[in-house]
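The structure appears right after this line, and notes come after that.
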Amino acid sequence: MSQQNVRVRFAPSPTGPLHIGGVRTALFNYFYARQHGGTFILRIEDTDSQRFVQGAEEYINESLKWCGIHIDEGVAEGGEFGPYRQSERKAIYKQYADQLVESGNAYYAFDTAEELDAMRKEAEAKGEAFTYGYKIRNNMQTSLALSADEVQKRIDAGEQWVIRFKMPENEDVVMNDIIRGEVTVNTSTLDDKVLFKSADMLPTYHLANVTDDYLMQISHVIRGEEWLPSLPLHVLLYRALGWTDKMPQFAHLPLLLKPSGNGKLSKRDGDKMGFPVFPLEWKSAQGEISRGYREDGYLPDAFVNLLALLGWNSGTDQEIFSMDELVEKFSLERVNKSGARFDPEKAKWFNHQYLIKRDDKDLAREFAKIVEANGASADIDKVEKIVGLVKERVSFTHELWEQASFFFVAPSEYDEAPVKKFWKEDTASIMRELIEVIQSVETFETANIEPAIKNFINEKGYGMGKVMNALRLSLVGESKGPGVADICELLGRDETVSRINSAVKVLG
Ligand code: GLU
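In structure tokens:
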């Protein structure tokens, strides 16, 4: 790889909440920039005012921040190559559109939307696709067909126009993609894309994107596969503008696929199967709320890790990577060409892995709030111990209450199936004996409680499983939870005895 200065950009359009595929694009750019001591740029591509959505830019910023992505140059951060919002660069683009017209690589077109619509319908009626390209451009109302005087007259008269790229006829464009290798496309299949519109005096995506990548000295364009079809045009624009020697290298990341593996992952898949496709919660102008990973209880490190493995692998079995490790190990050469299937269960698994690694003290602080919200109270040391005992069983902090509520609230009823299975005729009298054992344990902690109970069962020749399960049922109300002796210790002697007494009373 050349020793050039790495400058990459994430260039979202603020047209709504950022999809997780977009976050992955940002991350891969970020890993690459950091690894090479380069610069990560956030450029807001907002030249399409029709699709502009209020709040989307803030959402993008907040999402990147939540993921731990540090922006080197951007709207808020500033930088030498600003402004970084395309709508504020309006004055820059027209000269390049003019340059393309002057060099014969682009032309003015005056066709109205109605005229184009009519032509499209006519073609469709004949079962053909309508393409605005070399076959028709000389017969349309274009600067290729009209005299220079006529063109100027129309412009001066305020007629609406666009500038279209004059796609070469029947030429093989050979392109290089770091992930896909050499890709060749023949230009006969491509249309004459609009580059600039008089309606708002703004460039379209293609011209703005290529111009800004050039002006911002972008070294690598790392973006989603959906932009691969635009690559021939972009490469030809670099050539037409005389910028080929400054053209960035390209890498098109594979699509994110539905859990079934068939087709692109959409918001509807998430709604149907109960997982978010957005990093943060999003409320649309219509008031519709879309779930976010953050609000669903994902830890940002887990979210970054799970996205990193959608389309990239390290070539080893390792699956847990911190941000620093990703920066160190990531490589574009190890990004797959084929789509990356999204697995919602695996996503939860990642969060579980990060949750169990968390410090019990931190987790306890969070869980204590949930305990209080459930109307219970407990001192923080106790909550910390409880969290340590049950965190293996959950993927999210909010699932802790379900696993640990019995520590705070005594059971008011007993699960039917274990009662049938473990609470026999003699159980009540065994439990009364067990209370005496519990009363006689010296320091009431697991290390003493466990052998005391076991010795008692062995000495009396009772069934270990039967007694332990009945005890658990008395304390928890169901057959779940961590070790019984641990539960006893945390409940304390009095509460343990009181719960056994209640069970004996209710179950007889
Ligand atoms: N504005 C485009 C988008 O919304 C950028 C594509 C690119 O990175 O070139 O994804």
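Numbering (the working numbering), first residue to last: 1 to 508. For glycine and all other residues, C-beta sits at the position ideal for the given N, C-alpha and C. What you are looking at is a predicted structure, and each value in this text was computed from that prediction instead of being measured.
From P411, E288, T397, L146, residue whose alpha carbon lies closest to that of D359:
The shortest CA-to-CA distance from D359 to any of P411, E288, T397, L146 is the one to T397.
Three-way DSSP call (helix, strand, coil) for Y462 in this model
When DSSP states are grouped into helix, strand and coil, Y462 belongs to the coil group.
Applying the criterion that 16 or more other CB atoms from any shown protein chain within 10 Å of the CB defines a buried residue, is V174 buried or exposed?
Exposed, since its Cβ has fewer than 16 Cβ neighbours within 10 Å.
Would you identify the three-state DSSP class for T39, choosing helix, strand or coil?
It is a strand residue.
Residues near P482 in its chain [Cβ-Cβ closer than 7 Å; skip 5 each side]:
Counting only Cβ-Cβ distances below 7 Å, and skipping sequence neighbours, we find L389, V390.
Residue range of the alpha helix (DSSP H) that M431 falls in?
That run of the alpha helix (DSSP H) goes 427-440.
Which residue or residues does DSSP assign as beta-bridge partners of L202?
Partner residues in the beta bridge of L202, as assigned by DSSP, are K197.
Reference R89, options E122, E102, D46, A56, closest by Cα:
Cα-wise, what sits closest to R89 is D46.
Proximity winner among N209, E226, F278, relative to P248 (alpha-carbon distances)
Distances from the alpha-carbon of P248 to those of N209, E226, F278 put N209 closest.
Check the C-beta distance from W423 over to L491 and give it rounded, since I have them as a contact under 8 Å.
Contact doesn't hold; Cβ gap of about 20 Å is too wide.
Nearest to F408 by alpha carbon, out of E392, K385, E445, N138?
Of E392, K385, E445, N138, the residue nearest in Cα terms is K385.
Near the ligand GLU: E102 beta-carbon under 7 Å from a heavy atom
No, the Cβ of E102 stays beyond 7 Å of every heavy atom of the ligand GLU.
For K197 and L256, the rounded distance between their alpha carbons
In this model, L256 and K197 are separated by some 33 Å (Cα to Cα).
Kindly indicate which three-state DSSP category W227 falls into: helix, strand or coil?
W227: helix per DSSP, three-state reduction.
Counting C-beta neighbours from all protein chains within 10 Å, is the total for I320 16 or more, i.e. buried, or is it exposed?
Exposed: under 16 other Cβ atoms inside 10 Å.
Cβ atoms of T131 and A109: under 8 Å apart, would you say?
T131 is positioned such that its CB atom lies no closer than 8 Å to that of A109.
What does the alpha-carbon distance come out to for the pair E450 and A485?
Cα to Cα, E450 sits roughly 5 Å from A485.
Which of the three DSSP states, helix, strand or coil, is assigned to V509?
Past the boundaries of the shown model lies residue 509; the chain is included only from 1 to 508, so the question cannot be answered.
Quick one: Cα of R557 to Cα of C67, how far?
Examination of residue 557 is not possible in this model, given that the chain is present from 1 through 508 alone.
Just how far apart, CA to CA, sit W401 and L507?
Linking W401 to L507 through their CA atoms gives a straight-line distance of about 26 Å.
At a cut-off of 7 Å, is N209 close to the ligand GLU when judged by its beta-carbon and the heavy atoms of the ligand?
Because some heavy atom of the ligand GLU lies under 7 Å away, the Cβ of N209 counts as near it: yes.
Is the Cβ-Cβ distance between N170 and T187 less than 8 Å?
The Cβ-Cβ distance between N170 and T187 falls below 8 Å.
Rounded separation between S103 and S322 - CA only:
S103 and S322 have their C-alpha atoms spaced approximately 50 Å apart.
Contact set for N469: own chain, Cβ-Cβ below 8 Å, skip 5 residues either direction
The answer, listed in chain order, is P418, K421, F422, S479.
Using a Cβ-Cβ cutoff of less than 6 Å, which residues in the same chain neighbour Y238 once the five nearest sequence positions on both sides are dropped?
T244, M247.
Could you check the C-alpha separation between S87 and V221 for me, to the nearest Å?
Using only the alpha carbons, I get a separation of about 21 Å.
May I ask whether a heavy atom of the ligand GLU can be found less than 7 Å away from the beta carbon of Y214?
No - the ligand GLU has no heavy atom lying nearer than 7 Å to the Cβ of Y214.
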